[in-house]
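Notes follow the structure.
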Amino acid sequence: MANRTCFEDFDWNGFWDDYDGYTGSEKVTDERIADTERLLGYKLPRSYIELIRTRNGGSPVNSCFPTDEPNSWADDHVSITSICGIGGQWGIDSDDLGSRRMIDEWGYPDIGIVFGQCPSAGHDAIMFDYSECGPQGEPSVIHVDVEVGEGEEPVRTPLAENFESFIRGLVHEHVYDTSEADKLADLETARHALFTPLLRNLCDAADTLLPEAETVLRRLAERVIEEKGFFSLHADPLSHLMYDLEFLLYVHAKGSVSIEVYLADYEKILVFGEAGTFKTGGYAPGFVADWLNERIGSGNIAEAVAGDGFVFDDGYKREVLRQAGTYHD
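Last residue of the sequence shown: 329 in the UniProt record's numbering, with the numbers rising by one and none dropped.
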C-alpha cells in the first residue's frame, strides 16, 4: 500500500479535452514541483501532482461537480473550465494569472491555492483550502465566489475532502445542461429589465451625446449573450466596447474622474443590483482595471486638460460613438 498511487484504478483515457489552451509546456519534474511549493508556500497534494504528470494542466471532459448548495451559476453544481498546472501563463505559479494574483488582486481568500478556473473567468474559482490542515497538510477542495457586495467576504462552498475525491466526483456537463434556457433568460433580462439606478441616471444624462444610450447598451448586451450564451464581461472586444460606453456615459454626466473613484463606482453601474436587474452575471475587478490601464497606456483615455482625473481622448471618443451607432439602427 505504501507505493499505491492515488489514481491506480483510474482511466485517464478521455479525461482531458483535446483543447490545450490551458496546458503548460514545461515538464513536471520533482525540481519544478519543489520550486512551485516554495513560491506558493504550500505542499502540493500528491494526487494533484499525479494528475499534472499525465498532462500539465488542461480542460477536463467531465467539467461539473455536484453540490448541495447553490452558487452564482447553478443550484446544484459548479463548473470548471480548466485545472491549472505549473509554469506558463495559466500555471498556479503564474505572475499574470496564477494563484497569488487571484488572491492579492481579485479578492480570493488567502487560505491556499487557486487551481481551477470556472466559466465566469475570474468571478469564481476552485481552491485548495489549507485552513484546517496547515501548509504541509492535505487540503480540502472548495468553490469560492467573489461576486459579493461591497465589504462582504467571498462565499466558500465545500466540495471534496481532498483532490482525489474531487477528480473522481466530476461529471459531464450534459447532466446539468440548461444552457439554452439560461441564454433565453439572459436575453429577456437584457431586453426588458430595469437598469441599476446609476446606469439609469447615466443614460438619462446622455442627451445629445448618445440619445439612444439605453438601446445601444441593451443591443450590445444581446450581442454578448448571443456569442457567449450568457451575459458576462471579460477581456474580449465586445466587453471592452461595453466598458468604453460605460466610461463615456459616466464622464459625460459627471466630468473627469480619478481611476480609484471610477473603479469604485463601476460596481454600481452594471454589477450589483436587485434580482432581475439588467446586470452582468459576475464581476472580476481585474478585467475592468486592465481595460482602463490599457486605454490610459494607449492614450485613448487621457488626463483632463482642466481639473483632475481622466477623460476620453477626443479622437477615441468619436470612435466609441461610431461603434455605438451600429447598435441602434
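From the three backbone atoms N, C-alpha and C, an ideal C-beta is built for every residue, glycine too.
query, result
"Short of 7 Å in beta carbon distance, which residues of its chain neighbour D18, apart from the five on each side in sequence? Order them along the chain.", "none"
"Our contact map puts I52 next to I86 with C-beta atoms below 8 Å; I'd like the distance itself, whole angstroms only.", "7 Å"
"In the structure shown, what three-state DSSP assignment does T81 receive?", "coil"
"Return helix, strand or coil for T215, following the three-state DSSP convention.", "helix"
"DSSP state of I86, grouped into three classes?", "coil"
"Measure from the alpha carbon of L194 to the alpha carbon of each residue in A235, T280, H234, then state which is nearest.", "T280"
"Quick test of your reading: E226 and C64, contact by CB under 8 Å. State the CB separation rounded to the nearest angstrom.", "So it is not a contact: roughly 24 Å between Cβ atoms."
"Is it true that the stretch 229-243 meets the stretch 201-212, where meeting means three or more beta-carbon pairs spaced less than 8 Å apart?", "no"
"Quick one: measure Cβ to Cβ for V144 and D124, integer angstroms, because I've assumed they're closer than 8 Å.", "6 Å"
"Since K43 and E37 should fall inside the 8 Å C-beta cutoff, what is the C-beta to C-beta distance between them, to a whole number of angstroms?", "6 Å"
"Given M1, which residues of its chain have a CB within under 7 Å of its CB, disregarding the five upstream and five downstream residues?", "For M1, the predicted structure reports a pLDDT of 37, less than 50, and the residue's modelled location is therefore unreliable. A value from the coordinates is still provided. Same-chain partners within the cutoff: there are none."
"For E188 and I83, I'd like the C-alpha separation in whole angstroms.", "33 Å"
"By the three-class DSSP mapping on this structure, what secondary structure does R156 have?", "strand"
"Look up V128 in the DSSP assignment and say whether it is helix, strand or coil.", "Looking at the sequence itself, residue 128 is Phe, so the reference to Val does not match. DSSP places F128 in strand when its eight states are reduced to three."
"Just checking, does the stretch 195-209 make contact with the stretch 245-261 on the three C-beta pairs under 8 Å criterion?", "yes"
"Residues in the same chain with beta-carbon distance under 8 Å from L270, minus the five sequence neighbours each way, listed in chain order, please.", "T196, L199, L233, M242, E246, F278, K279, T280"
"Starting from V114, follow the beta strand (DSSP E) in both directions and report where the run begins and ends.", "112-117"
"Taking buried to mean at least 16 other C-beta atoms within 10 Å of its own C-beta, is K317 buried or exposed?", "buried"
"Quick one: residues in its chain with C-beta nearer than 8 Å to the C-beta of C133, no 5 flanking neighbours on either side, listed in chain order?", "P139, S140"
"Check whether the stretch 309-328 touches the stretch 292-301, taking contact to mean three or more Cβ pairs, one atom from each stretch, closer than 8 Å.", "yes"
"Helix, strand or coil for D290, going by three-state DSSP, please let me know.", "helix"
"Compare the C-alpha of Y22 against each of I80, P154, R46, D9 and name the closest.", "I80"
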